[in-house]
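Structure follows, in C-alpha cells:
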C-alpha cells in the first residue's frame with residue numbers, strides 16, 4: 017500500500033521546496049507519494065520540470081489559500 | 017525531586033541549550049532542583065565551519081577544537097557515551113556503555129553526518145571537507161594538483177547551504193595563487209535548475225561564474241561515481257569527467273534516531289515554531305536533526321537553541337511559553353580568499369544578500385574566533 021508524506025515548505029527559502037522533495041524521495045519507496053506545500057510560485061514550474069527530467073510522476077498541483085499543494089509519486 | 021533535563025548531542029545546538037539553561041536556571045541548577053545532563057560522542061567540540069579553511073592551509077587543525085568540558089558550564093554533567101536508543105514512551109535514553117538515563121525534558125541535538133556511501137563510488141572517488149579526515153586528504157590532493165578538471169559536486173541534503181559556492185570561489189583563488197588556474201577547468205554541479213537554491217544568491221553567483229570562467233551543470237542529481245574512469249554521472253543522464261572530484265556529500269541524521277524509530281533518514285518530525293517533537297510535549301529537537309524544511313546551518317542551530325532555552329526556562333520557572341522560533345537563519349558567504357557577504361532570512365522575510373566586501377570577510381574571520389562565545393551562550 018502506498019504511503020503519502022507531507023512536506024510543509026511554506027516560507028521555506030533554503031533549501032527550498034524542490035530540494036526538500038529531492039531529499040525526501042530518497043527515503044520513500046517506489047509508488048509512495050509526497051505532497052509538498054509551497055508558497056513559492058516558482059515551485060509550480062520547478063518541481064514538474066525536475067520530476068519530468070528524472071522520470072518520476074506528477075500526480076497533481078492544487079492552488080490553496082496562499083500556497084500550492086504539489087503531489088509527486090516516486091516512480092523508480 | 018529534581019527535574020531532569022537530558023540533552024543528547026554535544027554539538028553547537030546542544031551546547032548552547034545546556035549553557036543557556038544553566039544561566040537562566042542558575043538558582044535551580046545550583047540548588048539541585050534542576051539537574052542537567054549531556055550525552056556526547058566525543059571529549060572535544062569542533063568548530064565545523066573552520067573545516068572550509070583547512071584544505072587551503074588557512075586554519076590549523078588545532079584551532080578547530082576545544083575540550084567540551086571547558087566549553088560547557090561546569091554544572092552540566094557531561095558524559096562521553098553516545099546514545100544508542102531513545103524511548104519517548106518510557107522517557108529514557110540508553111547508551112553505548114549500557115547505561116539508562118531517564119528524563120523529565122529531553123533535548124535531541126544529534127546533528128547530521130555525511131553519507132558518501134549513499135552514492136555508489138563516491139567514498140572511493142571523491143574528496144570532501146566536511147570532516148577532518150576528508151579535509152586533510154583534500155589539502156594533500158590540492159597541494160599536489162598541477163592542473164586539470166575539477167568538479168564540485170553538490171548533493172542533497174547537506175548542511176551549510178552556501179559552502180558549495182564558498183569552496184568553488186576559494187578553490188579558484190587558491191589555484192590562481194598556486195599558478196595553475198590557467199591549466200584548470202572548474203565545473204560546479206547543482207541539484208536544481210540554478211546555481212543555488214536561494215534565488216538571490218544564484219542571481220549574484222551567475223555573473224561571478226562567467227567572470228571567472230567557472231562552468232556549471234544544473235539539474236545534476238548524482239547517481240554514481242566511477243573512481244577508475246574518473247567520471248560522475250547524474251540521474252538526469254549527464255556524465256562529467258574529472259581529475260579531482262570535490263563532493264558535498266549527501267547527509268543523513270544519526271543512526272540512533274533511525275534505530276529509535278524517531279524519524280526516517282535520522283530527521284525527527286519537529287513543529288516549526290515550538291521546536292517540540294511532533295506528538296511530544298516534553299521532547300525538544302534542535303539543529304540539523306529536525307525535519308523542518310530550513311537550512312541545516314550553525315546559525316539555525318544557534319537561533320533554535322536560544323528559543324528552546326527561553327521556552328524550557330520559562331516552562332520551569334513560570335509554567336508558560338516564552339516565544340516561537342521565527343525561522344531565522346544567518347549565513348556568511350566567503351566569495352574568495354579575501355571577500356565575503358552574508359544572507360539572512362526567516363519564515364516571512366526573503367533573503368537579500370548584499371555585495372561582497374573585504375569588511376564582511378574580516379568579520380567572518382573574526383567570527384571564526386568568536387564562535388566559542390556563541391557555544392558558551394554569551395554571543
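Protein chains in written order, with my numbering: chain A, 17 to 92; chain B, 17 to 395.
The beta carbon of each residue, even a glycine, is placed where N, CA and C say it ideally should be.
Contact with chain B by residue i, beta-carbon distance below 8 Å
i	result
residue 74 of chain A	no
residue 69 of chain A	yes
residue 86 of chain A	no
residue 36 of chain A	yes
residue 50 of chain A	no
residue 80 of chain A	no
residue 117 of chain A	Outside the displayed span of chain A (17 to 92) sits residue 117 of chain A, for which this structure offers no information.
residue 91 of chain A	no
residue 77 of chain A	no
residue 47 of chain A	no
Any non-hydrogen atom of the ligand HEM within 7 Å of residue i CB
i	result
residue 234 of chain B	You won't find the ligand HEM in this model; it holds no ligand whatsoever.
Presumed contact (8 Å Cβ cut-off) between residue i and residue j, rounded CB distance
i	j	result
residue 167 of chain B	residue 256 of chain B	5 Å
residue 267 of chain B	residue 175 of chain B	6 Å
residue 126 of chain B	residue 365 of chain B	Their Cβ separation, rounded to whole angstroms, is 29 Å, which puts residue 126 of chain B and residue 365 of chain B out of contact at 8 Å.
residue 249 of chain B	residue 240 of chain B	5 Å
residue 262 of chain B	residue 206 of chain B	That pair is no contact at about 13 Å.
residue 348 of chain B	residue 380 of chain B	4 Å
residue 251 of chain B	residue 237 of chain B	5 Å
residue 75 of chain A	residue 88 of chain A	6 Å
residue 123 of chain B	residue 300 of chain B	5 Å
residue 33 of chain B	residue 41 of chain B	Not confirmed; about 11 Å, so no contact.
residue 43 of chain A	residue 281 of chain B	5 Å
residue 52 of chain B	residue 93 of chain B	7 Å
residue 80 of chain B	residue 67 of chain B	7 Å
residue 350 of chain B	residue 356 of chain B	5 Å
is_contact[residue i, chain A] using C-beta, thresh 8 Å
i	result
residue 345 of chain B	yes
residue 140 of chain B	no
residue 183 of chain B	no
residue 177 of chain B	yes
residue 363 of chain B	yes
residue 382 of chain B	no
residue 310 of chain B	yes
residue 172 of chain B	yes
residue 236 of chain B	no
residue 263 of chain B	no
residue 213 of chain B	yes
residue 29 of chain B	no
residue 251 of chain B	yes
residue 280 of chain B	yes
residue 285 of chain B	no
DSSP-derived helix/strand/coil call for residue i
i	result
residue 292 of chain B	strand
residue 40 of chain B	helix
residue 374 of chain B	helix
residue 25 of chain B	coil
residue 269 of chain B	strand
residue 356 of chain B	strand
residue 92 of chain A	coil
residue 283 of chain B	coil
residue 238 of chain B	strand
residue 116 of chain B	strand
residue 324 of chain B	helix
residue 226 of chain B	helix
residue 365 of chain B	coil
residue 188 of chain B	helix
residue 390 of chain B	helix
residue 210 of chain B	coil
residue 275 of chain B	helix
residue 87 of chain A	strand
residue 129 of chain B	strand
residue 24 of chain A	strand
residue 180 of chain B	helix
residue 383 of chain B	helix
residue 244 of chain B	coil
Those residues which DSSP pairs with residue i across a bridge
i	result
residue 59 of chain A	Partner(s): none; residue 59 of chain A has no beta bridge.
residue 231 of chain B	B:203
residue 255 of chain B	B:249
residue 261 of chain B	B:167
residue 122 of chain B	B:22 and B:299
residue 349 of chain B	B:357
residue 336 of chain B	According to DSSP, residue 336 of chain B bridges with nothing at all.
residue 311 of chain B	Paired residues: none, contrary to the question.
residue 306 of chain B	B:284
Test: residue i CB closer than 8 Å to a CB of chain D
i	result
residue 83 of chain A	Chain labels in this structure do not include chain D; the protein chains are A and B.
My parser needs the alpha helix (DSSP H) runs of 4 or more residues fully inside the segment 45-111 of chain B; what are they? DSSP assignment within the segment 45-111 of chain B yields the following whole alpha helix (DSSP H) runs of 4 residues or more, N-terminal first: 84-87.
Within the segment 139-176 of chain B, ranges of the alpha helix (DSSP H) (whole runs, at least 4 residues): As far as the segment 139-176 of chain B is concerned, its whole alpha helix (DSSP H) runs of at least 4 residues are 148-160.
Segments of 3+ residues assigned as beta strand (DSSP E) that fall wholly inside the segment 29-82 of chain A: If we require 3 residues or more, the beta strand (DSSP E) runs fully inside the segment 29-82 of chain A come out as 49-54 and 73-79.
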